[in-house]
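Structure first, commentary second.
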Amino acid sequence: MADGVVGTDPPCAGCGVPVLAAEAAAYRRCGHTWHVACLAWRDVRQEEPYNGESFFLRNDGACPLCLMRCYCFQQRGRCRRGATCRYQHAWQPASQADQQARDMKAELERLRAANIELAWHRAKQAEDFRAEIHSLEEDCRATWEECAAMSAAVEEKRRALSEALSEGRALRTRLAVVQDRLSRRRQEEAEEAYLDEVASEASTRSGSSGPA
1 MADGVVGTDP PCAGCGVPVL AAEAAAYRRC GHTWHVACLA WRDVRQEEPY
51 NGESFFLRND GACPLCLMRC YCFQQRGRCR RGATCRYQHA WQPASQADQQ
101 ARDMKAELER LRAANIELAW HRAKQAEDFR AEIHSLEEDC RATWEECAAM
151 SAAVEEKRRA LSEALSEGRA LRTRLAVVQD RLSRRRQEEA EEAYLDEVAS
201 EASTRSGSSG PA
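Each step along the sequence shown adds one to the number in full-length UniProt numbering, with nothing skipped, and position 96 is 96.
Set out below in structure tokens:
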């Protein structure tokens with residue numbers, strides 16, 4: 001035993017013999033200690049990358065006592081995943097197999113319930129999204145109709161303004177014509193008044209210069 005102290009060497013989880021410090025040992029994260037020889041014959045796989053080597057020697061964190069056994073291997077004697085399977089390929093007593101089957105069934109039921117709940121939440125979320133999209137479409141449609149109405153009103157006002165400007169230009173033209181005629185009329189009246197005044201003065205002068 002290490003340092004000659006009794007009880008300091010942990011027992012092998014496979015054979016129960018203490019694992020001496022000088023012996024090849026495999027220490028798992030779960031706390032179990034194994035002789036390498038006790039692990040070497042467990043779950044020997046022929047596929048790549050094991051090539052006849054134990055699954056537990058290639059995976060440092062795996063422990064035969066803690067790792068769940070492959071349900072497919074228990075039922076059929078083979079696993080469809082082959083070397084990629086992360087569960088233990090080993091036989092176990094019927095009671096343990098039944099317990100594992102119950103555990104796996106419970107896990108499947110839990111996963112099924114979780115999937116159903118997830119599907120329900122996704123369906124509800126999708127329905128909420130559809131309602132929100134419909135609301136946004138209605139808002140966009142209302143906004144578009146409002147914008148169309150405003151555009152029509154602006155176009156109508158632009159047309160009215162254009163007509164008013166045209167009418168204003170016509171009125172200014174008529175006003176200019178009237179002002180021109182009025183100016184000419186005033187000029188003619190002034191000329192007539194001047195001629196009348198000249199004629200009156202001439203008549204007065206001719207009257208004053210006649211026989212007494």
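Beta carbons are placed, not taken as given, at the ideal position from N, Cα and C, and that holds for glycine.
Practice item. Check each candidate in Leu-57, Asn-51 and Pro-49 and name the one with the smallest Cα separation from His-35. Key: Leu-57
Point to revise | Test item: CB-CB of Tyr-71 and Ala-101 under 8 Å | key: Cβ atoms of Tyr-71 and Ala-101: closer than 8 Å.
Exercise for review: Kindly list the residues whose CB is nearer than 7 Å to the CB of Cys-63, restricted to its own chain and excluding five residues on each side of it in sequence; keep chain order.
Suggested key: Within the same chain, Cys-63 has close Cβ partners Arg-28, Cys-30 and His-32.
Practice item. Compute the beta-carbon to beta-carbon distance between Ala-25 and Val-19, rounded to the nearest angstrom, for a pair I have assumed lies under 8 Å. Key: 5 Å
Review point. When the distance is taken between beta carbons, is Arg-69 closer than 8 Å to Gln-46?
Key: No, the Cβ-Cβ distance between Gln-46 and Arg-69 is not below 8 Å.
Practice item. Kindly provide the ranges of any alpha helix (DSSP H) runs that are 4 or more residues long and lie completely inside the segment 39-124, ordered along the chain. Key: 55-58 and 71-76
Practice item. Can you say whether Gly-14 is buried or exposed, counting buried as having 16 or more other CB atoms within 10 angstroms of its CB? Key: Under the 10 Å beta carbon count, Gly-14 is surrounded by 16 or more other beta carbons and is classified as buried.
**Study point:** Rounded separation between Ala-190 and Glu-197 - CA only
**Key:** 10 Å
Check your understanding: From the DSSP output, which residues share a beta bridge with His-35?
Key -> DSSP output for His-35 lists Ala-25 as bridge partner(s).
Check your understanding: Taking buried to mean at least 16 other C-beta atoms within 10 Å of its own C-beta, is Ser-183 buried or exposed?
Key -> So Ser-183 ends up on the exposed side.
Exercise for review: Excluding the 5 residues preceding and the 5 following Val-5 in the sequence, name in chain order all residues of the same chain whose CB lies nearer than 7 Å to its CB.
Suggested key: Its pLDDT being 39, under 50, Val-5 is placed unreliably in this model, and the value from its coordinates should be taken loosely. Short of 7 Å from the beta carbon of Val-5, and not among the five residues preceding or following it, lies no beta carbon of its own chain.
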